[in-house]
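Protein sequences appear in the order of chains S and U.
Using our numbering, you'd call the opening residue of the first sequence number 26 and step up by one each time.
Using our numbering, you'd call the opening residue of the second sequence number 11 and step up by one each time.
Each residue gets a CB set at the ideal place from its N, CA and C atoms; glycine is no exception.
Here the structure is a predicted model, which means the values were calculated and not measured.
Scroll down for the structure; my scribbles are underneath it.
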Amino acid sequence: MTDDLTDVLREQVREAGHAGTALRIRGHDSKAFYGEPVDGKPLDLSAHRGIVDYEPTELVLTARAGTPLAEIEALLAEKGQVLAFEAPRFDGRGTLGGAVASGLAGPRRPWGGAPRDLILGVRLLDGRGQVLRVGGQVMKNVAGYDVSRLMAGSLGTLGVLLEISLKVLPAPIETRTLLLELLREAALARLRELARQPCPLSGACHLDGRLYLRLSGAHASVDAWAQRIGGEVPAPGNTFWEHLRDQRLDFFERPGQTLWRLSLAPATPRLACERDSLLDWAGAQRWVFTDHPAEAIREQVAAYDGHAEIFHRGEGETAPFQVLSPILVMLHRRIKERFDPAGILNPGRLGAVC
Amino acid sequence: MRDSTLEQRRHHLALRFADHLAPEFILMNEEERRPYECDGLSAYRLLPLLVVLPGNIEEVQAVMRVCYEERVPVIARGAGTGLSGGALPREDAVLLGLSRLNRILALDPDNLCARVQPGVRNLAISEAARPYGLYYAPDPSSQIACTIGGNVAENAGGVHCLKYGLTVNNLLALEIVTVKGERLRIGGSGLDSPGYDLLALLTGSEGMLGIVLEVTVKLLPIPQRTQVALAAFDDVEQAGQAVADLIAEGILPAGLEMMDQASLRAAEDFVHAGYPTDAAAILLCEVDGDNDEVSEEIARVRRRLLESGASEVRTAHDEAERARFWAGRKAAFPAAGRISPDYYCMDGTIPRKHLARVLREIAALSEEYGLRAANVFHAGDGNLHPLILYDGNAPGELERAEEFGGKILELCVEVGGTITGEHGVGMEKINQMCAQFPPEELQLFHAIKAAFDPHGLLNPGKAIPTLNRCAEFGAIHVKAGDLRFPHLERF
Ligand SMILES: Cc1cc2nc3c(=O)[nH]c(=O)nc-3n(C[C@H](O)[C@H](O)[C@H](O)COP(=O)(O)OP(=O)(O)OC[C@H]3O[C@@H](n4cnc5c(N)ncnc54)[C@H](O)[C@@H]3O)c2cc1C
Ligand SMILES: Cc1cc2nc3c(=O)[nH]c(=O)nc-3n(C[C@H](O)[C@H](O)[C@H](O)COP(=O)(O)OP(=O)(O)OC[C@H]3O[C@@H](n4cnc5c(N)ncnc54)[C@H](O)[C@@H]3O)c2cc1C
């Protein structure tokens, strides 16, 4: 299925701009829970879809924002390639535009990057209904400011993404999962040791006294490292990583409870709020359920120069995102003003400033 | 009298800076300022109003505050190896030399990162990390000299970016001093930060949005082993196809470089790397990883290259031979310098599939302008470095070389690429920016600049052309009456 709805979308944005109507941009709405809620007229991108260009030998894929991730991943798989950032698919859904706009990445992030690392260029509609093209379709490009990376993680507050070009990578020849029974501190110590060796890690997660490791690479290398590290291979190894990526592990199944996401240096010791947590990204991303108050959590994390956000908001919880410093607030305001002078694109989704 | 005004300004500023810096770090005399008159693009030279060499962040803040109050432009400078005139001075601007800020502040092997000052040389980071088995991946060929601050400002690449990414993919945090002299921290110890990705926006911003005063870089484990294959081809097109075939096979080399006959011969004469000088082109394909992985991969590479028509594939027998294979590639620029009084290094990126056509066009332009060109190419990521050979003492040759270079960049845009892959726009490619970007997008860039620097004091006039400038540039083009590249098909 393929459809270019640029003209329709442009008209909708222009009209909203004139009338000052707020728009709530949505793909599959699979991440509606994430960020601040937006009160606005839905601008539906899911029909603006289709892969525009894919040349496996160039390692570049260009697709319309409403294209389902599943469709893209299936096409890439035919050619032995992947989106290295392993976009989470909540409820099995998700569009490319939503994946890029949310900036979220799966278990391979420390080794494979996030959307911001793989984005090459975008075509977008700004708040005035102007179509802008930033970046390009080549892998190295330093002409002008890097506006396309700025779109990753901006949650639709700067523009309606229309078309996205990404760097894709060859799929690993072999992938294997190992499982070690280790308590958390021992697991982190083991990870620190492995991280300093050329070990082909592509996933490292600690949960309930178990360290799950994923190795990806050439056969010989995966074999050799699997032997060296030891540990049993759990039966459907890949399922674990899929479930981690899409938050389908039992750990995540706590409807109504606040789920925090902490971003920290991997070797950061256990914080007071982390009694009930899952470590991903070798310790650099921590999913936490806690009854500590938000300010306490943010303080604990700030002491290690990290940051904390509420991913799933429970009943009566505070703002999901951290308050920015005054200079950052000013910069965000000015940038937002340029892209969206009337403030109609997902107003407030990324916090009070934008 | 303009000159006397400048002289007065110089003295006035020097007095104000003297409140904050020792006199030996405020350079006023012409002979003291002379070494700063150009960067690596030495065809452009201008003396700065004044040079200041602060020794810590507080001194930088003080300098910036004074300049902001006085509305004096500031141009940051690292090692001055930039190839696009990014650090080119202005006679009305203060040149802010950051070379004294050259300390590695922290090396954290547990968290795979290092926090360094902007004047630290790129290679010095990897040297400091080596005892821990770690290194900093981006490796521009200038890495013994260029600074990490300059790398951030240019989003520098290197021969290993296909696999390991550019500077922007290897950073965690920056400490910025704003145009007003305020400190601003961007990023953090983790991989994600709240708000917009200003870390990405600052990277590659050519000193126009803020001054980089601290950089936290990611470190990676040193690969256990590295092996390189050298493949010779009788035909450039075939070499280009071989690159596509390698990628199609699922191989992601650590480095993948191409040299055409002119550049490989010049390099061979210079460093005796053992290149096959009768080849039309050679490919260097490097794989790294652990021992087993490398053996497996290099065998695949060899097979693939032979199947793609390589007339010969050699793998290095030992580290010395590997170094020799690379020595030729790394000496490509100076080698060009040996066969010509001057050379001009270009830096466009193209979708790789257009390589053969772009090389044909460059050859045609070479004929048209009566100037030789040698090509080296980061083949894996499509980043082309044509070297235009000319003689700066021959009247008109520099101008011809520049025009030739401009045409190559426009050709890169024409086939869907970009005018700069890693060297930046600076002063050099400011006109070609007009060819790549329509007015709305240039306006967007100006608005971003204004968000950080409302009075336009940071490295003014570089990187983003004014719309007026583009109108003039466009007018010249139209006057010459030529549709650009009429011989190319349009798409
Ligand atoms: C032989 C040779 C080979 C090269 N090979 C490569 C290569 O392989 N890949 C590549 O990418 N480049 C290469 N370069 C270009 C150059 O080395 C890089 O652009 C490098 O990043 C420049 O660093 P520098 O410290 O010399 O910066 P400078 O030349 O001093 O400055 C470059 C720009 O950065 C700004 N700047 C410098 N420091 C700061 C700071 N702290 N804060 C804010 N702005 C700052 C300056 O204003 C200027 O705009 C090569 C150059 C040479 C001469
Ligand atoms: C002239 C020639 C022709 C060939 N033709 C073919 C062909 O047609 N088809 C084909 O499939 N293969 C062929 N091969 C073999 C294949 O290409 C080899 O895999 C390739 O030569 C790799 O060489 P290598 O130096 O990487 O050795 P490898 O086989 O990778 O390694 C040799 C041994 O040295 C050790 N070793 C090497 N370097 C290091 C290091 N830095 N650190 C630690 N240990 C190290 C390894 O452990 C290994 O046991 C040929 C080889 C040669 C030399």
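Counting along the chain, residue 31(S) sits inside the alpha helix (DSSP H) bounded by residues 31–44. Taking all protein chains in view, the Cβ of residue 403(U) is surrounded by fewer than 16 other Cβ atoms within 10 Å, so the residue is classified as exposed. When Cβ-Cβ separations below 7 Å define contact, residue 155(S) makes contact with chain U. In the three-state reduction of the DSSP assignment, residue 441(U) falls in the helix class.
Within the segment 230–246 of chain S, those residues whose Cβ lies closer than 9 Å to any Cβ of chain U are, in chain order, 242, 243, 244, 245 and 246. Comparing alpha-carbon positions, the option among 165(S), 145(S) and 136(S) lying closest to residue 158(S) turns out to be 145(S). For the pair residue 122(U) and residue 229(U), the CB atoms are nearer than the 7 Å cut-off. Here DSSP, grouped into helix, strand and coil, assigns residue 417(U) to helix. For the segment 159–171 of chain S, the set of positions with a beta-carbon nearer than 8 Å to some beta-carbon of chain U reads 159, 161, 162, 163, 164, 165, 166, 167, 168, 169, 170 and 171 in chain order.
A Cβ-Cβ separation of about 23 Å leaves residue 96(U) out of contact with residue 170(U) under the 8 Å criterion. With its beta carbon less than 7 Å from one in chain U, residue 82(S) belongs to the interface. Separation of residue 194(S) and residue 252(U) (C-alpha to C-alpha, rounded to the nearest whole angstrom) is 18 Å. By the CB criterion at 7 Å, residue 183(U) and residue 226(U) fall inside the cutoff.
Under the DSSP assignment, residue 250(S) falls in the alpha helix (DSSP H) whose first and last residues are 244–254. Inter-residue distance for residue 132(S) and residue 238(U) is about 31 Å (C-alpha atoms, whole angstroms). At least 7 Å separates the beta-carbon of residue 235(S) from that of residue 187(S). Taking a C-beta distance under 7 Å as the contact criterion, residue 444(U) and residue 483(U) qualify as a contact pair. At a C-beta separation below 7 Å, residue 258(U) has these neighbours in chain S: 81 and 82. Beta-bridge analysis with DSSP links residue 190(S) to 87(S) and 146(S). For the C-beta of residue 469(U), not a single chain S residue is nearer than 8 Å; the gap to the nearest is close to 13 Å. Shown here, residue 335(S) sits in a strand according to DSSP, grouped into three states. Chain U places no beta carbon closer than 7 Å to that of residue 272(S), leaving this residue out of the contacts. Annotation for residue 89(S): 73, 74, 75 and 188 place their beta carbon closer than 6 Å to its own, counting only its chain and skipping 5 residues before and after. Cβ proximity to chain U below 9 Å picks out 346, 347, 348, 349, 350, 352 and 353 from the segment 337–353 of chain S. Per DSSP, the continuous beta strand (DSSP E) segment holding residue 288(S) begins and ends at 284–288. Take residue 125(S), set aside five residues on each side of it, and the residues of its chain with a beta-carbon closer than 7 Å to its own are 140, 144, 176, 177, 186 and 189, in chain order. Put simply, of 117(S), 96(S) and 115(S) the residue whose alpha carbon is nearest the alpha carbon of residue 108(S) is 96(S). Within a 10 Å sphere around the beta-carbon of residue 313(U) sit fewer than 16 other beta-carbons, which makes this residue exposed. Contact between the segment 311–322 of chain S and the segment 223–230 of chain S is absent, with fewer than three C-beta pairs closer than 8 Å. Contact residues of the segment 291–318 of chain S toward chain U are 291, 292, 293, 306, 309 and 310 (C-beta to C-beta distance below 8 Å). Residue 238(U): member of the beta strand (DSSP E) spanning 235–243, first to last residue. In this structure residue 241(U) is in contact with residue 322(U), their Cβ atoms being roughly 7 Å apart against a cut-off of 8 Å. Relative to ligand 1, even the nearest heavy atom lies 6 Å or more away from the CB of residue 102(U). A residue is called buried when at least 16 other Cβ atoms come within 10 angstroms of its Cβ; residue 199(U) meets this threshold and is buried. With a 10 Å radius around the Cβ and a threshold of 16 neighbouring Cβ atoms, residue 289(S) comes out buried. Within the model, the alpha-carbon separation for residue 129(U) versus residue 397(U) is close to 29 Å.
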